[in-house]
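Structure, as C-alpha cells:
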Amino acid sequence: MRPEVQARVLERLVAAIDQPRAEVAPRSTRLSVSRYLDEGELAREREVLFARRPIVVAHASELAEVGAFRTDMLGDVPLLITRAQDGVHVFVNACRHRGARLVDAPAGCSKLLTCPYHAWTYRPDGRLFRVPGEDTFDALDHAALGLRELPSEVRHGLVWAQLDGQLDVASFLGPVLDDDLEAFDLAGHVALGRTDRVVSANWKLVMDAFAEGYHLSSLHSKSLARFFLEVSVLDDCAPHVRQVGARKTLLEVKGDASRADLRRDTTVFYDVFPNTVLVFHPDWLSALTVFPLDVDHVRVVHRMLAPDGPRDEDASQRLARSFAHIDEQVFLKEDLAIAESIQSTLASGANEHVLLGGLEEGMRLFHAARDAALEAALEAARQE
Ligand code: FES
Ligand SMILES: [Fe+2]
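In terms of this note's numbering, the sequence shown is residues 1019 to 1402.
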C-alpha cells in the first residue's frame, strides 16, 4: 500500500477507535442457503468464476531455478507449472502423444521432462524435444506437438493462470489492488511454508470465513482477539474487497495517525475475487487460495510469504512457529472448522437463509460480486 494510501487508511482507523460505527451502515442481507448446496450453482461458478478469471496457481519463488516444476489442478485441468529460460509457463499436464500425465511428482527440477509411457520428452518451455522411434511416425510436426499452454502471467510474485479467455491481471485487479500489492513488494517475498488440505465445506464458506471481522472477539477469543481492537475499515474495490483491522498497538499512537505503522498496528486483508485471500501479518503474509472439489468439499492452499533476504536461525524459527500457530490453530481449528460446522447444518432446514449485518459487509460484497459475475455471464449468453 502506497504511503499516502496508508496515511488515509490509518487516519480512518484512528478516528474509528472513538466512533467504531461511523463507517458501518446497519443493514440485514439474506442469502439463500441453496447457494452453498446446489450442484447447478457450483457448475456455473466453475464455468464463470474459475475458468474465466485469473487464478493464483503458485508463487514465483516456488519455481526458483530454471527447470523447476510443480503440478497442480485448476478445476478439472491438471497443470504443469515450469520455469524455463524465458520465464514461468503454465501447461496442461498431458503428454501430446496419447495423453498420459507427463509429470506425477508434486514438484521437482529437471532440464527435460519425460513421459512415463513412451518417453516422449519435452523442454521446460514446452517444446517437444525427443520422440523415441520417431521414424515410425509420418513426419511429426514438433512445433505443433509442444505442451498445451494456458495463458499465464507473473504479477506481484504470484503466478496467475486462466483456463478460458484473455488474461490481464492488472486490469482484473484494478488500480487499488494493483497499486497496493506493488507497494507491498510481494515479488520480493519467498514462500517459506505451505499447507494443502481438504475441508468439508462449500468453497464460499471458506471465503466467508475470511471476509468479515465480526467473529474476531468470539470465534478467536482465545487466539487472535487479544491482539485486536474491534475496529476496522473496508473499501469496496469490486469485485475485490480491502479491509484493515486495528491491532491494540494502535492505541499507543494516542490519536495521532502519523505515528502509526501499517504493518505493526493493523492487519490488512484482501479478498482477491473469486478465490484468494491475502492477510498481512506483521512479519509475513498468508496467501490462501481455495478450489472447489464438489459442492461441499474445498481444497484450501495456505502459503506463508515472507520478505526475501538473509535471516538467522532464531528469526526462521520464529516465522515457522508463527505460521504453525496461524495455520493450525487460527485457520484450521477456528475459521475452517466453523465453515465445516455451517455446512453440516445447511441441509437441515433450520435456516432458509443466512443473515448478514453491517459488520459482515465484506461478505455481502463478495456474494454481490459473485452474483453480478454470474448474472453478467447469463446476460452475455442471452445476447449471443
Ligand atoms: S503418452 Fe506420453 S509418450 Fe505416449
Ligand atoms: Fe477468522
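From the three backbone atoms N, C-alpha and C, an ideal C-beta is built for every residue, glycine too. Given the structure is predicted, the values throughout are model-derived calculations rather than measurements.
Review point. For the alpha helix (DSSP H) that Arg1281 lies in, which residues bound it at each end?
Key: Your numbering for residue 1281 matches position 263 in the sequence shown. Where Arg1281 is concerned, the enclosing alpha helix (DSSP H) starts and stops at Leu1280 to Asp1283.
Check your understanding: Val1414 and Ala1399: beta carbons closer than 7 Å?
Key -> There is simply no residue 1414 to check, as the chain begins at 1019 and stops at 1402 in what is shown.
Check your understanding: Under the rule that 16 or more other beta-carbon atoms within 10 Å means buried, what is Met1091, buried or exposed?
Key -> Along the sequence shown, one-based indexing puts residue 1091 at 73. Counting Cβ neighbours within 10 Å, Met1091 comes out exposed, since fewer than 16 surround it.
Check your understanding: Buried or exposed: Lys1222, going by 16 or more other Cβ atoms within 10 Å of its Cβ?
Key -> Locating residue 1222 in the sequence shown gives position 204, where the first residue counts as 1. By the neighbour-count rule (16 or more Cβ atoms within 10 Å), Lys1222 is buried.
Review point. Under a three-way DSSP split, which group does Ser1304 fall into?
Key: Walking along the sequence shown from the start, residue 1304 turns up at place 286. Here Ser1304 sits in strand by DSSP.
Practice item. Tell me where the alpha helix (DSSP H) around Phe1109 begins and ends. Key: Here residue 1109 refers to the residue found at position 91 of the sequence shown. That residue, Phe1109, is in no alpha helix (DSSP H); its beta strand (DSSP E) goes Gly1105 to Val1110.
**Study point:** Residues near ligand 1, criterion Cβ-heavy atom distance below 5 Å
**Key:** Matched residues: Cys1113, His1115, Arg1116, Ala1118, Cys1133, Tyr1135, His1136 and Trp1138.
Check your understanding: Going by alpha carbons, who is nearest to Phe1087 out of Pro1072, Asn1111 and Ser1366?
Key -> Position 69 of the sequence shown, counted from the start, is the residue given in the question as residue 1087. Here the closest residue by C-alpha is Asn1111.
Check your understanding: Given 8 Å as the limit, is there contact between the region 1055-1073 and the region 1033-1040, that is, 3 or more CB pairs closer than that?
Key -> No, the region 1055-1073 is not in contact with the region 1033-1040.
Practice item. Would you mind stating whether His1207 and Leu1323 have Cβ atoms separated by less than 7 Å? Key: Within the sequence shown, residue 1207 is the residue found at index 189, counting from 1. Within the sequence shown, residue 1323 is the residue found at index 305, counting from 1. In this structure, His1207 lies near Leu1323, with their beta-carbon atoms less than 7 Å apart.
**Study point:** Proximity to Asn1220 [Cα-Cα], best of Asp1301, Val1051, Ala1391 and Leu1373
**Key:** Position 202 of the sequence shown, counted from the start, is the residue given in the question as residue 1220. Of Asp1301, Val1051, Ala1391 and Leu1373, the residue nearest in Cα terms is Val1051.
Point to revise | Same chain only: Cβ atoms within 6 Å of Val1249, ignoring 5 sequence neighbours per side | key: For the purposes of this step, residue 1249 is identified with residue 231 of the sequence shown, where counting begins at 1. Around Val1249: Ala1034, Ile1035, Pro1038 and Ala1264.
Exercise for review: Please classify Phe1147: does DSSP put it in a helix, a strand, or coil?
Suggested key: In the sequence shown, the residue the question calls residue 1147 occupies position 129. Looking at Phe1147 - three-state DSSP - the assignment turns out to be strand.
**Study point:** Secondary structure of Trp1178, DSSP reduced to three states
**Key:** Working through the sequence shown from its first residue, we reach residue 1178 at position 160. Strand at Trp1178.
Point to revise | DSSP state of Met1091 mapped onto helix, strand, coil | key: Here the question's residue 1091 lines up with position 73 in the sequence shown. Here Met1091 carries a strand assignment [DSSP, helix/strand/coil].
Point to revise | Within the region 1243-1290, ranges of the alpha helix (DSSP H) (whole runs, at least 4 residues) | key: DSSP runs (the alpha helix (DSSP H)) wholly in the region 1243-1290: 1280-1283.
Practice item. Compare the Cα-Cα distances from Leu1247 to each of Cys1127, Ser1235, Ala1205 and Pro1257 and report the closest residue. Key: Taking the sequence shown and counting its residues from 1, the one referred to as residue 1247 is at position 229. Here the closest residue by C-alpha is Ser1235.
Review point. How is Val1208 classed by DSSP in three states: helix, strand or coil?
Key: Sequence index remark: in the sequence shown, residue 1208 carries index 190 (1-based). Of the three classes helix, strand and coil, the one that applies to Val1208 here is strand, per DSSP.
Practice item. Just the C-alpha distance for Ser1241 and Gln1261, rounded to the nearest angstrom, thanks. Key: Here the question's residue 1241 lines up with position 223 in the sequence shown. Here the question's residue 1261 lines up with position 243 in the sequence shown. Straight-line Cα distance between these residues: approximately 20 Å.
Review point. Hey, would you say the C-beta of Asp1353 is under 6 Å away from at least one heavy atom of ligand 2?
Key: Residue numbering aside, residue 1353 sits at position 335 when the sequence shown is read from its first letter. Answer for Asp1353: yes, Cβ within range of ligand 2.
Exercise for review: Identify the continuous beta strand (DSSP E) that holds Val1372 and give its terminal residues.
Suggested key: By one-based count along the sequence shown, residue 1372 stands at place 354. For Val1372, the uninterrupted beta strand (DSSP E) segment begins and ends at His1371 to Leu1374.
Practice item. Please report how far the alpha carbon of Leu1374 lies from the alpha carbon of Gln1184, in whole angstroms. Key: For this step, residue 1374 is matched to residue 356 along the sequence shown. For this step, residue 1184 is matched to residue 166 along the sequence shown. If you take the alpha carbons of Leu1374 and Gln1184, they lie about 35 Å apart.
Review point. In the DSSP assignment, what residue or residues form a beta bridge with Phe1309?
Key: Along the sequence shown, read from residue 1 onward, the residue named residue 1309 stands at position 291. Its beta-bridge partners are Arg1317.
Practice item. Output the distance between the C-alpha atoms of Leu1191 and Pro1257, rounded to the nearest integer angstrom. Key: Here the question's residue 1191 lines up with position 173 in the sequence shown. Here the question's residue 1257 lines up with position 239 in the sequence shown. Leu1191 and Pro1257: Cα-Cα distance of roughly 9 Å.
Point to revise | In chain order, each alpha helix (DSSP H) run of at least 4 residues that lies wholly inside the region 1330-1378 | key: Uninterrupted alpha helix (DSSP H) stretches at least 4 residues long and entirely within the region 1330-1378 occur at 1331-1342 and 1355-1364, given in chain order.
Check your understanding: What residue from Ala1102, Asp1104, Asp1312 and Ile1099 has the CA that sits closest to Ser1218's CA?
Key -> Counting from 1 along the sequence shown, the entry for residue 1218 is found at position 200. It is Asp1312.
Exercise for review: Check whether the region 1315-1335 touches the region 1099-1111, taking contact to mean three or more Cβ pairs, one atom from each stretch, closer than 8 Å.
Suggested key: Too few Cβ pairs lie closer than 8 Å, so no.
Review point. Do you know offhand how far Tyr1232's Cα is from Leu1377's?
Key: Residue 1232 sits at position 214 when you count from the first residue of the sequence shown. Residue 1377 sits at position 359 when you count from the first residue of the sequence shown. So the alpha carbons of these two residues sit roughly 6 Å apart.
Practice item. For Leu1120, name the three-state secondary structure that DSSP assigns. Key: For this step, residue 1120 is matched to residue 102 along the sequence shown. Looking at Leu1120 - three-state DSSP - the assignment turns out to be coil, as it is neither helix nor strand.
Exercise for review: Counting only the same chain and skipping the five closest in sequence on each side, list residues whose C-beta sits under 8 Å from that of Phe1228.
Suggested key: Taking the sequence shown and counting its residues from 1, one reaches residue 1228 at position 210. Apart from sequence neighbours up to five positions away, the residues of its chain that approach Phe1228 with a beta-carbon distance below 8 Å are Phe1287, Asp1289, Val1295, Val1297, Leu1306 and Asp1353, ordered along the chain.
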